[in-house]
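S.K.: Taking the working numbering, the leading residue of the sequence shown gets 195, the next gets one more, and so forth.
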Amino acid sequence: MNLRSRLSTLIAVRVVVSTLLLGWAILIQLNRPGTFPVDPFFFLIGVTYALSLAYLGTLRLVDRHLWLADAQLGADAILVSGFIQLTGGITSYFSSLYLLPIMAASMVRFRRGALQVAALSAILYLTLVSAQYLNVFPYGPGSWLGDLRLDLPSQQFAQYTVAINLFGFVAVALLSGALAEGWRTADARLEDASHELEDLRAFNEHVIESLLSGLVTADRDLRVLTFNRSAAEITGLTAEQAVGHDATEVLQLPLAMRARLSDLAERRSLRSDVEFRTTDGRRIDIGMTASTVAFPSGRHGYLFTFQDVTDVKRLERHARLQQRLAAVGEMAAGIAHEIRNPLASMSGSIQVLRQELPLSEDQAQLMDIVLKESERLNDTIRSFLAYARPQKFAVARLDIAKVVQDTALLLRNSAEVHGDHVVDVAIPAEPAWYEADENQVRQIVWNLATNGLRAMPGGGRLLLSVTDNTAVGEGELVLAVQDEGRGIPAEELDSIFQPFRTSFEKGSGLGLAIVHRIVTDYGGSIQVSSTVGVGTTVRVLFPVREGVAAGSLAS
195 MNLRSRLSTL IAVRVVVSTL LLGWAILIQL NRPGTFPVDP FFFLIGVTYA
245 LSLAYLGTLR LVDRHLWLAD AQLGADAILV SGFIQLTGGI TSYFSSLYLL
295 PIMAASMVRF RRGALQVAAL SAILYLTLVS AQYLNVFPYG PGSWLGDLRL
345 DLPSQQFAQY TVAINLFGFV AVALLSGALA EGWRTADARL EDASHELEDL
395 RAFNEHVIES LLSGLVTADR DLRVLTFNRS AAEITGLTAE QAVGHDATEV
445 LQLPLAMRAR LSDLAERRSL RSDVEFRTTD GRRIDIGMTA STVAFPSGRH
495 GYLFTFQDVT DVKRLERHAR LQQRLAAVGE MAAGIAHEIR NPLASMSGSI
545 QVLRQELPLS EDQAQLMDIV LKESERLNDT IRSFLAYARP QKFAVARLDI
595 AKVVQDTALL LRNSAEVHGD HVVDVAIPAE PAWYEADENQ VRQIVWNLAT
645 NGLRAMPGGG RLLLSVTDNT AVGEGELVLA VQDEGRGIPA EELDSIFQPF
695 RTSFEKGSGL GLAIVHRIVT DYGGSIQVSS TVGVGTTVRV LFPVREGVAA
745 GSLAS
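(1) For the beta strand (DSSP E) containing F361, name the first residue and the last one.
(2) Going by the CB atoms, is the gap between P448 and S463 shorter than 9 Å?
(3) Measuring CA to CA, which of T285, G481, Q516 is closest to D502?
(4) Three or more C-beta pairs under 8 Å: does that hold for the stretch 300-309 against the stretch 273-292?
(5) Which same chain residues end up closer than 8 Å to Q545 when comparing Cβ atoms and leaving out the 5 residues on each side of it in sequence?
(6) When the Cα atoms are used, what is the spatial distance from E629 to S719?
(7) Looking at the secondary structure, which residues open and close the alpha helix (DSSP H) in which D264 lies?
(8) Are D618 and L657 closer than 9 Å when you measure CB to CB?
(9) Thinking V675 and A626 are a contact (beta carbons under 8 Å), I'd like their distance in whole angstroms, please.
(10) State yes or no: is the C-beta of Q680 within less than 9 Å of the C-beta of G727?
(11) Just verifying my parser: in three-state terms, what is the DSSP assignment at F304?
(12) Looking at the secondary structure, which residues open and close the alpha helix (DSSP H) in which Q634 lies?
(13) Hey, how far is the Cα of P490 from the Cα of Y496?
(14) What residue range is occupied by the uninterrupted beta strand (DSSP E) comprising G654?
(15) For Q501, name the three-state secondary structure that DSSP assigns.
(16) Applying the criterion that 16 or more other CB atoms from any shown protein chain within 10 Å of the CB defines a buried residue, is D662 buried or exposed?
(17) Taking DSSP as the reference, what is the three-state secondary structure of V232?
(18) Report the three-state DSSP secondary structure of R465 (helix, strand or coil).
(19) In or out: F691 buried (at least 16 other Cβ within 10 Å) or exposed?
(20) Reducing DSSP to helix, strand and coil, say where I478 ends up.
(21) With DSSP as the reference, label V598 as helix, strand or coil.
(22) Considering just the uninterrupted stretch of the alpha helix (DSSP H) at E443, what are its terminal residues?
(23) Do V418 and A441 have their beta-carbon atoms positioned less than 9 Å apart in this structure?
(24) So, are the CB atoms of L735 and V672 less than 9 Å apart?
(25) Beta-carbon within less than 6 Å of S337's beta-carbon, same chain only, minus the 5 sequence neighbours each way: which residues are those?
(26) Looking only at its own chain, which residues have a Cβ that is under 6 Å from the Cβ of A299, when we skip the five neighbours before and after it?
(27) Look at the alpha carbon of S275 and the alpha carbon of V356, and state the distance between them as a whole number of angstroms.
(28) Which residue comes first and which comes last in the alpha helix (DSSP H) that contains Q435?
(29) Among the residues of its own chain, which have a CB less than 6 Å from the CB of G717, if the five just before and after it don't count?
(30) My output table needs one value for V666: the three-state DSSP class, helix, strand or coil.
(31) Could you pull the DSSP bridge partners for T486 from this structure?
(32) Measure from the alpha carbon of L458 to the alpha carbon of each residue in V444, L416, R471, E469, then state which is nearest.
(33) How is the alpha helix (DSSP H) around D715 delimited, first residue to last?
(34) When you compare only the Cα positions, how much space is there between L221 and S289?
(35) Check whether the stretch 382-392 and the stretch 348-355 touch, using three or more Cβ-Cβ pairs below 8 Å as the test.
(36) Answer yes or no: do L360 and L318 have a C-beta to C-beta separation smaller than 9 Å?
Following this line, the structure appears as structure tokens:
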């Protein structure tokens, strides 16, 4: 409590005490008229009220002028002296009232103030008693103190009474001063401890809010208590939307994990991967750990920490895909020649026999089917080899936008395009330069475009676009193919680049696998977004690198 607050309390106490004394005097005067002089007593009460108003007016100045507080305490001692003089001086029963301003001084100005007021009270009391025995303030008819006749005690008794009172003044000043100093010290320590606790609480909150992991606490009824900033960023929920609600619903915990939460008392933690749907409709993978926590009140609750592991899961799936693709590639390299050589012999023999033997129409048709299927099998093996053992290619600086435009022209005149198909191109006005093999870039565009056209058997718009992000400092060039076809279910997106995975009747299942292999060789990546019944967009991201050499890109 500061000085101004302490003085405000003292002024209020002073007014209350004065009011009680005023009421007490009025009652005595009504019941026993002439007991003590009325006019001087009421004058002192009035002075007390007036001074209290003056003190209120100077409260805003006491912090800069401490003598104003000392003046209030000194005035209190003087007023008490006047009251004791009116009630008999040495014979007054109210000499102990001096203790009130002494104790008030200890609360306002601590030990120093208490000793000052005790010294002033002692001087005033000695002066009052001495003046009384010297008849300086006579009591009797015509006196300003009124007609109050007193029989003064002996001087020896007076000396004893004064000594007892003075000792009481000093003792109370020392005791109350010591208590006030202890209170001030304790208050300062408490204030320091409060600041430390506040700083610690702010630091803890800062640490919790700065965590990259989502952190959620819940009571034993699984009602959310806290929800940090990372939790809000990952889930898309605000703290207001989460606090007070069921944690299992807020975090979308699966039923199996909810059932195992009751076993946390027997185990230290529970780890699980959770599929979460954010507020904007995205599906993300969350790695979550649940454990018990003890609150300061002694109650137990739950602590959930989690991270968005969608990218990690995607990388894991990509790594598994690469392993499978590598295994298939090794297998293809081993069996391709074993199949291709006999196939070439059989195809050549069939052609000779068809030319030399007299065949009926059915036999000739059968021969044609064998030759056609042999050629189809040979194309599959050729694609297999192109995937498993990419040919050496010559890297040159080329305009990818022009390659896309030329490929679109070929597509419009190919058998893949029907009357209801529209092939559009969106390319930048400036050339999109990149160091790559033109045939491989053309193969990427062709494979993705033919897949898009096959996904629209009833017609639709196919958009081929190029975005050059190198101009804005992102260091990548984006080639996108967008169709309005039937789309790809979410559960099949991870497997579309695997060999022999196709949903088209005429597809070999190697087109996208070859695209993936080529893009990977260039250090790029492929992003696929699809909505069933709406269409699919495939974005190929080529990182722009300087000094690309053919040897570094060829296998």
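In this text, a Cβ means the ideal position worked out from N, Cα and C, and glycines have one as well.
M.R.: This is what the structure gives:
(1) Where F361 is concerned, there is no enclosing beta strand (DSSP E), although the alpha helix (DSSP H) it sits in stretches over 349-404.
(2) no
(3) G481
(4) No contact exists between the stretch 300-309 and the stretch 273-292.
(5) L565
(6) 16 Å
(7) First-last of the alpha helix (DSSP H) with D264: 261-280.
(8) yes
(9) That belief does not hold up - the Cβ atoms of V675 and A626 are roughly 15 Å apart, past 8 Å.
(10) Note that residue 680 corresponds to Arg in the displayed sequence, not to Gln. The answer is yes: Cβ separation under 9 Å.
(11) Correct three-state label for F304: helix.
(12) Residues 632-648.
(13) 14 Å
(14) 654-662
(15) The answer is strand: DSSP assigns Q501 an E or B state.
(16) D662 is buried by the Cβ-count criterion.
(17) In this prediction, V232 has a pLDDT of 48, which is less than 50 and means its spatial position is unreliable; nothing more can be read from the coordinates.
(18) strand
(19) Buried, since its Cβ has 16 or more Cβ neighbours within 10 Å.
(20) strand
(21) helix
(22) 441-444
(23) yes
(24) yes
(25) Legend: pLDDT at S337 = 44, less than 50; position of this residue unreliable, no value from coordinates given.
(26) Hits under 6 Å: L267, G307, A308, V311.
(27) Approximately 14 Å, taken between the alpha carbons.
(28) 433-436
(29) Cβ within range, chain order: P737.
(30) Caution is warranted here: a pLDDT of 49 is assigned to V666, below 50, making its placement in the model unreliable, and the coordinate value is therefore given only provisionally. Correct three-state label for V666: helix.
(31) Y496
(32) L416
(33) For D715, the enclosing alpha helix (DSSP H) has its first and last residue at 705-715.
(34) 21 Å
(35) no
(36) no
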